[in-house]
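What follows is a set of notes on a single structure, which appears directly below.
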């Protein structure tokens with residue numbers, strides 16, 4: 001089932017920002033729809049977040065926006081397709097959250113040389129970057145596209161719509177705390193922040209302070225409006 005068809009097509013989010021929905025993959029047996037975000041920077045360069053499965057048609061559509069200059073692996077799970085994109089666009093800089101290179105090596109993935117997403121501001125005035133701390137294992141970089149007031153997350157919020165998942169997964173999503181319309185951080189991930197709740201709270205407060213109107217997530221329905229309210233709802237367990 002093509003959950004968010006049409007797939008592999010640029011879908012406008014705002015001025016200079018698009019999402020692309022990709023095929024569903026299996027992660028520990030669970031069907032996960034995939035999604036990447038594409039931004040065209042002020043200088044015309046293209047920024048690609050959490051690249052999905054590469055096809056030549058998709059590569060050409062993204063390249064038509066401008067030179068592909070930045071490829072972003074936002075956490076230790078969302079990196080698998082980035083090497084293909086790096087080979088297709090060898091002039092692009094690769095950016096990786098903490099732990100990505102190590103995870104790739106553990107899975108015998110030849111990951112390209114990457115610049116660290118360590119809280120620096122590689123795209124000042126256009127895309128704010130924050131590495132969310134506090135977890136024992138999950139290190140995710142989040143981004144705020146200022147021009148469109150869009151917050152770009154990956155797995156910190158998941159929001160599975162019951163009508164778009166197999167019947168047996170809907171109750172699992174509810175138990176995990178990731179069922180639309182009350183999608184949030186998966187409960188198993190929350191547990192990894194048990195000793196770092198203050199750091200997580202500070203990160204969430206920073207994201208709220210950015211004042212996003214939209215919140216993009218990688219899995220499930222993303223939020224086209226009321227971004228601040230959705231953040232307060234999804235992270236109420238820590239605020």
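Numbering (full-length UniProt numbering), first residue to last: 1 to 239.
Where is the CB? At the ideal position from N, CA and C, for every residue including glycine.
(message) At the level of alpha carbons, what is the spacing between residue 185 and residue 84?
(response) If you draw a straight line from the Cα of residue 185 to the Cα of residue 84, it is about 29 Å long.
(message) Per the DSSP calculation, residue 130 is bridged to which residue(s)?
(response) As DSSP reads the structure, residue 130 sits in a beta bridge with 142.
(message) Run through the DSSP bridge pairs and tell me what residue 93 is partnered with.
(response) 70
(message) Rounding to the nearest angstrom, what Cα-Cα distance links residue 224 and residue 234 in this structure?
(response) 15 Å
(message) My output table needs one value for residue 189: the three-state DSSP class, helix, strand or coil.
(response) Helix.
(request) Hey, could you find the ends of the beta strand (DSSP E) residue 12 is sitting in? (result) 10 to 14
(message) Buried or exposed, going by whether 16 or more other CB atoms sit within 10 Å of the CB of residue 167?
(response) exposed
(message) Would residue 81 and residue 53 be called neighbours here (beta carbons separated by less than 7 Å)?
(response) Between residue 81 and residue 53, the gap from beta carbon to beta carbon is short of 7 Å.
(message) Would residue 3 and residue 33 be called neighbours here (beta carbons separated by less than 7 Å)?
(response) yes
(request) Report buried or exposed for residue 118, applying the criterion of at least 16 other Cβ atoms within 10 angstroms of its Cβ. (result) Residue 118 should be labelled exposed.
(message) Please state whether the Cβ-Cβ distance between residue 220 and residue 159 is less than 7 Å.
(response) yes
(request) Reducing DSSP to helix, strand and coil, say where residue 166 ends up. (result) coil
(message) Just to confirm, is the Cβ distance from residue 74 to residue 97 under 7 Å?
(response) yes
(message) Tell me the DSSP secondary structure of residue 34 in three-state form.
(response) In the three-state reduction of the DSSP assignment, residue 34 falls in the strand class.
(request) Have a look at residue 171 and residue 139 and give me their C-alpha separation to the nearest angstrom. (result) 27 Å
(message) In this structure, how does DSSP classify residue 154 when only helix, strand and coil are distinguished?
(response) Coil, per DSSP.
(message) Restricting to Cα atoms, I'd like to know which of 238, 169, 124, 216 is closest to residue 154.
(response) 216
(message) For residue 100, which residues in the same chain have their Cβ closer than 8 Å to its Cβ, ignoring the five residues on either side in sequence?
(response) 73, 75, 76, 79, 111, 114
(message) Do residue 147 and residue 44 count as a contact pair if the criterion is CB distance below 7 Å?
(response) no
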